[in-house]
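S.K.: Below: one structure in C-alpha cells.
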Amino acid sequence: VAVVADVHTDLNTMTVLEEGVGYPLNIYVITETNGQLYVTRGGMFSYYEFTQPMDNRLTDEAWQAMQTGDSPQTLPVWAESFFDPLQDISNTEPQHVNPYYRPYTGIDEGDLLPEAYQLHQNYPNPFNPTTTIEISLPARGMVILTVYDILGREVETILEQRMDAGTYAIQWNANSLPTGIYFIRLVSGDFSQIRKSLLLK
12 VAVVADVHTD LNTMTVLEEG VGYPLNIYVI TETNGQLYVT RGGMFSYYEF
62 TQPMDNRLTD EAWQAMQTGD SPQTLPVWAE SFFDPLQDIS NTEPQHVNPY
112 YRPYTGIDEG DLLPEAYQLH QNYPNPFNPT TTIEISLPAR GMVILTVYDI
162 LGREVETILE QRMDAGTYAI QWNANSLPTG IYFIRLVSGD FSQIRKSLLL
212 K
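Written out as C-alpha cells, the structure is:
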C-alpha cells in the first residue's frame with residue numbers, strides 16, 4: 012500500500028518535506044553466466060521526495076488517490092526505485108544477490124556502469140540480524156565479500172564468485188553471530204575496501 016510521511020517541517024517557509032512510497036511491484040532480472048541462466052526476483056517500490064505548503068500536506072489516502080485516480084495529478088519529482096529486502100526474493104544462487112535497479116532516460120547503456128569499485132556502507136547499520144551490502148563493480152571479475160570479527164578472525168564468506176559489471180545489493184543474515192562489531196571486506200582483483208558494521212541483538 013502506498014504511504015507518505017512528513018519528514019521535515021520548515022516554519023520559516025511554511026513548507027513540509029514529504030517522502031512517498033508507491034505500490035509494491037515485482038522485478039525479474041535474468042543474467043547468463045557460463046551458458047547458464049540465473050533468475051532473480053525481488054520486490055520493488057517507487058520512491059518520491061518533494062516539498063509543498065504545510066496546509067497541503069498529504070494523508071496516505073490522498074497519496075494513494077494521486078497515483079490511482081481517474082484523473083491523476085502530476086506526480087512529484089521522482090527520485091528512484093529500489094528493492095524491498097522484506098519482500099520474497101528468490102535466486103538460483105545460494106546467496107541472495109539482487110542487481111540494484113535505477114531507471115535512467117536519455118543515457119547510453121554504457122554510461123550506467125559504475126566508474127570505480129566501491130563497497131558502500133551497509134544499511135541498516137546497526138542491524139539485527141539482516142542488513143544490505145551494496146557493491147559497485149566497473150568490470151567483470153572474481154568478487155569476494157568476507158566478514159571479520161573485532162579480533163580480525165574471518166567469521167563468514169558472504170560471496171565468492173565471478174560477477175558482471177554493475178551495482179549489486181547483497182543480503183547478509185548474521186543470525187548465527189553474537190552482538191558485536193564486524194568488518195565487511197570487498198576484494199576484486201587488486202581492489203580491497205573494508206566497512207565497519209554493528210550487530211545489535
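Heads up: take any position in the sequence shown, counting from 1, add 11, and you land on my numbering. Beta carbons: idealized from backbone N, C-alpha and C, even for Gly. From a predicted model like this one, the values you see are computed outputs, not experimental measurements.
When DSSP builds the beta bridges, which residues end up paired with residue 177?
M.R.: BP columns for residue 177 point to 148.
S.K.: What is the rounded straight-line gap between the Cα of residue 66 and the Cα of residue 29?
M.R.: Using only the alpha carbons, I get a separation of about 13 Å.
S.K.: Under a CB-based cut-off of 8 Å, is residue 165 close to chain B?
M.R.: Of the protein chains in the structure, only one exists, and it is not chain B.
S.K.: CA-CA distance, residue 63 and residue 71?
M.R.: When rounded, the distance between both Cα atoms is 15 Å.
S.K.: For residue 153, does the count of other Cβ atoms within 10 angstroms reach 16, so buried, or fall short, so exposed?
M.R.: Exposed is the call here.
S.K.: Can you tell me which of 129, 137, 138 puts its alpha carbon nearest to the alpha carbon of residue 155?
M.R.: Nearest of 129, 137, 138 to residue 155, Cα basis: 129.
S.K.: Among 160, 24, 184, which one has its Cα closest to the Cα of residue 196?
M.R.: The shortest C-alpha separation from residue 196 is found at 160.
S.K.: Is residue 94 helix, strand or coil when you go by DSSP?
M.R.: Caution is warranted here: a pLDDT of 48 is assigned to residue 94, below 50, making its placement in the model unreliable, and no coordinate value can be reported.
S.K.: Hey, could you find the ends of the beta strand (DSSP E) residue 193 is sitting in?
M.R.: Per DSSP, residue 193 belongs to the beta strand (DSSP E) from 191 to 199.
S.K.: Do residue 209 and residue 181 have their C-beta atoms within less than 8 Å of each other?
M.R.: Against a cut-off of 8 Å, the Cβ pair of residue 181 and residue 209 comes out as no contact.
S.K.: According to the neighbour-count rule (16 or more other Cβ atoms, all chains shown, within 10 Å of its Cβ), is residue 174 buried or exposed?
M.R.: The residue is buried, with at least 16 neighbouring Cβ atoms inside 10 Å.
S.K.: Taking the beta strand (DSSP E) that residue 209 belongs to, which residues open and close that run?
M.R.: 202 to 210 is the span of the beta strand (DSSP E), which, as asked, contains residue 209.
S.K.: Considering only residues of the same chain and omitting the five flanking positions on each side of residue 27, which have a CB-CB separation below 8 Å?
M.R.: So the list reads 17, 19, 20, 21, 62, 63, 64, 65, 68, once near-sequence residues are dropped.
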